[in-house]
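Novice: The structure is given below, and queries will be raised subsequently.
Numbering (full-length UniProt numbering), first residue to last: 1 to 322.
So, in structure tokens, the structure goes:
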């Protein structure tokens, strides 16, 4: 507002009146609006709240897909903790669309929420930098922010995938099929790096013909498994980078009657009832949500220490009926 006042050659009070739709002469309104257009100014309710020390007792949670049990658990835990702090949680879903994510986060900030919990979909969060600089608490979980310094609570993606692939190698497998999502997603890059590090440690030469990337739906994973099993030298084991890919791989292996070993990142509902053995890289989703939400409320309460990253451990669990 100071910059707008200087550009329009008016007082700060005049800018405030224009921005807040209070009576001002038309000539002054025109000058202020022209300066606003030139400078790209928009009213920041966060700064106004900070000046008045008013909080709205609401926090925003942006997840990717509310129907996914992983995100539903995060929302449930965050809501419990918010309620314990006398705060309402507002939840929205980005549907893994970066543009929708940006629009929703900007809407949250304009609604003057007291803080944000974000499971990111996009690869650039620099648009939040101004809000963070003005004091908006933001905590990312599951994936780190890009282009922004902020708190993050993550899983040990590299270590988990390393342990999973190492378990397959310890069983004697040397041809391991790797099923992954989009390589642009930080978690996928970390999980691929962990898998390759495990292969390298065992002296197994990398074979790009055994890697399938950009898989999203279980059906895509099933088709990838089918193609790999049809190779002249098919893999004897598979590592899936998330639970949706694991489900698709399981369906195709069952259809083929294949006894290929399988390790999947993420536990999933009914995994213990699968008609064949498998191993999952498991972690505590509730703890992930708890640590992130408590960190957010520490920030809301005034903690101004530098941003930190917390990495939570994973573990291998045997699943299936056999």
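Think of the CB as a built atom: it goes at the ideal place given N, C-alpha and C, for glycine as much as any other residue.
When the Cα atoms are used, what is the spatial distance from residue 289 to residue 71?
Specialist: Position 289 of the chain shown holds residue 289. Position 71 of the chain shown holds residue 71. Residue 289 and residue 71: Cα-Cα distance of roughly 9 angstroms.
Novice: Please give the ranges of any beta strand (DSSP E) in the stretch 61-102, keeping only runs that are unbroken, at least 3 residues long and fully inside the region.
Specialist: 88-93
Novice: Give, in chain order, every unbroken run of the alpha helix (DSSP H) that is at least 4 residues long and sits entirely within the stretch 189-252.
Specialist: 218-229
Novice: In this structure, how does DSSP classify residue 121 when only helix, strand and coil are distinguished?
Specialist: As a working note, residue 121 is residue 121 in the chain shown. Of the three classes helix, strand and coil, the one that applies to residue 121 here is coil, per DSSP.
Novice: Does the distance from the CB of residue 275 to the CB of residue 248 come in under 7 angstroms?
Specialist: Residue 275 sits at position 275 when you count from the first residue of the chain shown. Residue 248 sits at position 248 when you count from the first residue of the chain shown. It is not a contact, given that the beta carbons lie outside the stated cut-off.
Novice: Please name the residue in 273, 301, 315, 305 whose C-alpha comes closest to that of residue 321.
Specialist: Residue numbering aside, residue 321 sits at position 321 when the chain shown is read from its first letter. Of the candidates 273, 301, 315, 305, the one whose C-alpha sits nearest the C-alpha of residue 321 is 273.
Novice: Measure the beta-carbon distance from residue 102 to residue 140 and round it to whole angstroms, keeping in mind my assumption that it falls under 8 angstroms.
Specialist: Numbered from 1 along the chain shown, position 102 holds the residue referred to as residue 102. Numbered from 1 along the chain shown, position 140 holds the residue referred to as residue 140. Wrong, their Cβ atoms sit about 14 angstroms apart, outside the cutoff.
Novice: Could you name the residues of the same chain whose beta carbon sits closer than 7 angstroms to that of residue 86, not counting the 5 residues immediately before and after it, in chain order?
Specialist: Within the chain shown, the letter at position 86 stands for residue 86. Answer for residue 86: 57, listed in chain order.
Novice: Among the candidates 236, 161, 245, 33, whose CA atom is the shortest distance from the CA of residue 258?
Specialist: Taking the chain shown and counting its residues from 1, one reaches residue 258 at position 258. It is 236.
Novice: Taking the DSSP output, what are the residues bridged to residue 10?
Specialist: As a first step, residue 10 is located in the chain shown; it is residue number 10 there, counting from the start. Per DSSP, none; premise fails for residue 10.
Novice: Evaluate contact between the stretch 159-168 and the stretch 253-271, counting only Cβ atoms and requiring at least three cross-stretch pairs below 8 angstroms.
Specialist: yes
Novice: Touch check for the stretch 277-295 and the stretch 192-210: three-plus C-beta pairs under 8 angstroms?
Specialist: no
Novice: Apart from the five residues on each side of it in sequence, which residues of its chain come closer than 7 angstroms, Cβ to Cβ, to residue 24?
Specialist: In the chain shown, counting from the first residue as 1, residue 24 sits at position 24. So the list reads 14, 17, 18, once near-sequence residues are dropped.
Novice: Taking 7 angstroms as the threshold (beta carbon to beta carbon), is residue 133 in contact with chain B?
Specialist: In summary, chain B is missing from the structure at hand, where a single protein chain is found.
Novice: Does DSSP classify residue 261 as helix, strand or coil?
Specialist: Along the chain shown, one-based indexing puts residue 261 at 261. Residue 261: strand per DSSP, three-state reduction.
Novice: Measure from the alpha carbon of residue 225 to the alpha carbon of each residue in 244, 214, 252, then state which is nearest.
Specialist: Translated into positions along the chain shown, residue 225 becomes position 225. For the residues 244, 214, 252, the minimum Cα distance to residue 225 belongs to 252.
Novice: What's the call for residue 286, buried or exposed, on a 16-neighbour Cβ count within 10 Å?
Specialist: Here the question's residue 286 lines up with position 286 in the chain shown. Its Cβ having fewer than 16 others within 10 Å, residue 286 is exposed.
Novice: Applying the 10 Å Cβ sphere with the 16-neighbour rule, what's the burial state of residue 299?
Specialist: Here the question's residue 299 lines up with position 299 in the chain shown. Buried, by the Cβ-count rule.
Novice: Between the Cα of residue 9 and the Cα atoms of 29, 216, 97, which residue gives the shortest distance?
Specialist: Numbered from 1 along the chain shown, position 9 holds the residue referred to as residue 9. Considering only alpha carbons, the answer is 29.
Novice: Should residue 157 go down as buried or exposed, given a rule of 16 or more other Cβ atoms within 10 Å for buried?
Specialist: The sequence position of residue 157 within the chain shown is 157, counting from 1. Answer is buried; the Cβ neighbour count reaches 16.
Novice: State yes or no: is the C-beta of residue 307 within less than 7 angstroms of the C-beta of residue 106?
Specialist: Residue 307 sits at position 307 when you count from the first residue of the chain shown. Residue 106 sits at position 106 when you count from the first residue of the chain shown. No. Outside cutoff.
Novice: In the DSSP assignment, find the beta strand (DSSP E) that holds residue 279 and state where it starts and stops.
Specialist: By 1-based counting over the chain shown, the position of residue 279 is 279. Per DSSP, residue 279 belongs to the beta strand (DSSP E) from 278-282.
Novice: Got a sec? Which residues, its chain only, sit under 7 angstroms from residue 11 by beta carbon, not counting five neighbours each side?
Specialist: To locate residue 11, count along the chain shown from 1; it is residue 11. Correct list, in chain order: 5.
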